Amino acid sequence: MDAQIAADVQAFVRIDTIILEGNRKTRSAFILRELEFSAGDTLALTTLAETLERNRLRVMNTSLFSSSAVSLETLEPGNRLAVRFQLVETWYIYPIPVFELADRNFNVWWTEFNRSLKRVNYGVSWTHLNLSGWADVLKINLNFGYTNRYEAVYERPWINRRQTLGLRVAVGLNRAHEVAYLTQGNKQIFSVNPDLWQRERLYTNLTFNWRPGLFDNHSLTLEYHQNQVGDSIATEVNPAYFLNGKTRQQHFSLVYRFVADRRDIRPYPLRGWLGAVEIRQNGLLPSDDLHLFRASGELRQYFSFTPRLSLEAIAKVRVSFPRRAPPFFNNQALGYGNDLVRGYEFFVMDGLDFGLLRTSFHIGILDHSINLGRLMPVQAFRVMPLKIYLSLNNDLGYANDPFYSAGNPLNNRLLHGYGIGLDVVAYYNMVAKFEWSWKGVGGSGFYLNINTGI
Numbered sequence: 002m003d004a005q006i007a008a009d010v011q012a013f014v015r016i017d018t019i020i021l022e023g024n025r026k027t028r029s030a031f032i033l034r035e036l037e038f039s040a041g042d043t044l045a046l047t048t049l050a051e052t053l054e055r056n057r058l059r060v061m062n063t064s065l066f067s068s069s070a071v072s073l074e075t076l077e078p079g080n081r082l083a084v085r086f087q088l089v090e091t092w093y094i095y096p097i098p099v100f101e102l103a104d105r106n107f108n109v110w111w112t113e114f115n116r117s118l119k120r121v122n123y124g125v126s127w128t129h130l131n132l133s134g135w136a137d138v139l140k141i142n143l144n145f146g147y148t149n150r151y152e153a154v155y156e157r158p159w160i161n162r163r164q165t166l167g168l169r170v171a172v173g174l175n176r177a178h179e180v181a182y183l184t185q186g187n188k189q190i191f192s193v194n195p196d197l198w199q200r201e202r203l204y205t206n207l208t209f210n211w212r213p214g215l216f217d218n219h220s221l222t223l224e225y226h227q228n229q230v231g232d233s234i235a236t237e238v239n240p241a242y243f244l245n246g247k248t249r250q251q252h253f254s255l256v257y258r259f260v261a262d263r264r265d266i267r268p269y270p271l272r273g274w275l276g277a278v279e280i281r282q283n284g285l286l287p288s289d290d291l292h293l294f295r296a297s298g299e300l301r302q303y304f305s306f307t308p309r310l311s312l313e314a315i316a317k318v319r320v321s322f323p324r325r326a327p328p329f330f331n332n333q334a335l336g337y338g339n340d341l342v343r344g345y346e347f348f349v350m351d352g353l354d355f356g357l358l359r360t361s362f363h364i365g366i367l368d369h370s371i372n373l374g375r376l377m378p379v380q381a382f383r384v385m386p387l388k389i390y391l392s393l394n395n396d397l398g399y400a401n402d403p404f405y406s407a408g409n410p411l412n413n414r415l416l417h418g419y420g421i422g423l424d425v426v427a428y429y430n431m432v433a434k435f436e437w438s439w440k441g442v443g444g445s446g447f448y449l450n451i452n453t454g455i
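Residue numbers (our numbering): 2 to 455.
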């Protein structure tokens, strides 16, 4: 019995203190909040290395550090155990000149609009990460050119002592000379008037986030939208744009979202899972021009078989009520944002509801750090971690469009796309995907997707 007790005692270690180094801007309390353990806790010895690495990645998932290291040390006097985090803070201020495309994605601009520089937005995007040391973010976007966007966003993860309640405030105005007023052949049809703002969108929203634990987050958002479209669009070419020939649509919305995140590396996960549920009610007042309820769910699962081989599976569904024709403007389904079937980047599938399943096998072919030395004047970026993966992709999708499917053969049809890709991950959170995809109805193409992590 005494031997068994001794074995049990030796199976755990007590962490007396946690030492943080390199967080010159970031508050220590914020970093400690992200950890699964605190000073004074006992950790299982058999899984100690795994626990320390998992928590190192949790610190990196804050996007406040360009690199980190964790170690276990013995402190004198008394042989006290300490966990030491050595951190290198990232560059926090990004006054970036804007040179972005006005189209849905790079592939549409490159192929369908012949890489026209007239369809480019320019301006400045000023982002200050970690404004006060609590991972709060201030963004100001001033975009001109083909379309205009003026936006200010402030986000703070914690506003209470328990560090469980955060907020986000945003206000913006978008306007454009071009408007996609119809979908035919699963392609957007545009109307362009260089002398008239044909579409204007004013919006503001206030979000409260509640994060009671490390992995779960609840958010409640109150939104206000005011959309306007040119008279010729609403009265001549598509009276269903806002329904009944209206040129204006205004409404309040209330959105609840729950996210449970157990992924290891958020920008490019290799193991773990994420689950999300969103309930949205567009139209809160009788006077609102839009009354549309939507519920969506998403599950992302990541399986790591070996250090170099993993599987990503993403499933997402959305349903809408009431079951009557919505405004054309609010009938988007697949092909917008990240809700797409690879191989169909040049197409849109509108509808009230949709289902999507995306799978990818990731095979690691490079894991290396490059020291740029004096070539990089910013110290936080001098050492560039670089990882490259080969991806084998296979997607399925279905958009249910009971009201606007005429002339759009890809609606109300099971879509299949597959292909091969090369994923490049730099500085932990910058991801570029180079993909060659085939679609089930025939044809193939090269597609590029970039996420800068900012």
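The beta-carbon is built from N, C-alpha and C at its ideal position, and this holds for glycine as well. Quick caveat: nothing in here was measured; it's all calculated off a predicted structure.
Residue range 310 to 322 is occupied by the beta strand (DSSP E) that includes V320. Using a C-beta cut-off of 8 Å, the segment 231 to 250 makes no contact with the segment 207 to 223, since fewer than three inter-stretch Cβ pairs fall below that distance. The Cβ atoms of R301 and F355 do not sit closer than 7 Å to each other. Assignment of V60 by DSSP, reduced to helix, strand and coil, places it in the helix class. Spatial neighbours of P410 in its own chain (CB-CB distance under 8 Å, excluding positions within 5 residues in sequence) are listed in chain order as G186, N187. Assigned with DSSP and collapsed to three states, E22 falls in strand. Residues E156, R157, I160, L207, T208, F209, N210 of the same chain have their beta carbon placed closer than 8 Å to that of L168, with the five preceding and five following residues left out of the count. Beta-carbon to beta-carbon, F330 and N228 are separated by about 7 Å, close enough to satisfy the 8 Å threshold. Where I190 is concerned, the enclosing beta strand (DSSP E) starts and stops at 188 to 193. If you draw a straight line from the Cα of I364 to the Cα of D289, it is about 50 Å long. Residue pairing by DSSP places K434 opposite D424, N450 in a beta bridge. Residues of the same chain with a CB within less than 6 Å of the CB of R15, apart from the 5 flanking positions on each side, are T43 in chain order.
Contact between the segment 341 to 351 and the segment 366 to 380 is absent: fewer than three C-beta pairs spanning the two stretches fall below 8 Å.
Inter-residue distance for P213 and W198 is about 45 Å (C-alpha atoms, whole angstroms). Under the three-state reduction of DSSP, G41 is assigned to coil, being neither helix nor strand. In this structure, the beta-carbon distance from A83 to T27 does not fall below 7 Å. M385 is positioned such that its CB atom lies no closer than 7 Å to that of I366.
Judged by beta-carbon spacing, D265 lies beyond the 7 Å limit of L423, meaning their Cβ atoms are not closer than that value. The three-state reading of DSSP puts T236 in helix, counting H, G and I together. Approximately 4 Å separates the beta-carbon atoms of R343 and S438; this is inside 8 Å, confirming the contact.
Residue environment: Q250 is assigned as buried (16 or more neighbouring CB atoms within 10 Å of its CB, all protein chains considered). Sequence-distant Cβ neighbours of R263 in its own chain, meaning closer than 8 Å and more than five residues away, are F216, G273, W274, L275. The beta carbon of A171 sits closer than 6 Å to the beta carbons of V154, N206 from its chain, once the five residues preceding and following it are set aside; these are given in chain order.
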